[in-house]
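Notes to accompany the following structure.
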Amino acid sequence: MKSIKFSFASILLGTALGLPLALAVPATLAADPALFEIDAKPYSAADLFEGGRLGLLAVESRRYQGLQDLVDKEVLALFFQEEVKRQGKSVDAVRDELAVPEPAEKAIRAFFEERKDRVKKPYEAVRGKFAGYLKK
-13 MKSIKFSFAS
-3 ILLGTALGLP
7 LALAVPATLA
17 ADPALFEIDA
27 KPYSAADLFE
37 GGRLGLLAVE
47 SRRYQGLQDL
57 VDKEVLALFF
67 QEEVKRQGKS
77 VDAVRDELAV
87 PEPAEKAIRA
97 FFEERKDRVK
107 KPYEAVRGKF
117 AGYLKK
């Protein structure tokens, strides 16, 4: 990925106008260590202040998670498409067949009982979260 080149004057102008400074975040830092240039001097992740490095890590993490979510959705869509063809059923019928059932009340209560000393909230307050966790 190419880095973005800024002149020092454009950075001052952008800052004066209240515009955020855009950084080019490469797909992999090892592939292109220069994130940006100012007056022909390249700056890499190692040149950033600690807050900048943490911010860059957060950006990369969000990017990775977004890509992972996209791939997961596409793989699931392809899976359903193949299952629909293979079984000769509708998408809804295949989804219903593969759906994870809601956990039983007894299982949710047992999960709560194992953790109630750490949770310190009444069962009714955490039941929904525990049910969602057990469903996963």
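So the sequence shown is numbered by the numbering used here: it starts at -13 and just counts up by one.
Glycine is no exception: its CB is placed at the ideal position from the N, C-alpha and C atoms.
*Does the stretch 99 to 107 touch the stretch 59 to 78, meaning 3 or more C-beta pairs lie closer than 8 angstroms?*
The answer is no - the stretch 99 to 107 does not touch the stretch 59 to 78, with fewer than three Cβ pairs under 8 angstroms.
*asked:* Taking DSSP's pairing of strands, which residues face Tyr29 in a bridge?
replied: Per DSSP, Phe22.
*Taking the CB atoms as reference points, tell me whether Val57 and Phe66 lie closer together than 8 angstroms.*
Contact: no.
*Host alpha helix (DSSP H) of Ala85 (start-end)*: Here Ala85 belongs to no alpha helix (DSSP H), and DSSP marks it neither H nor E.
*In the structure shown, what three-state DSSP assignment does Gly74 receive?*
When secondary structure is reduced to three states using DSSP, Gly74 falls in the coil class, being assigned neither helix nor strand.
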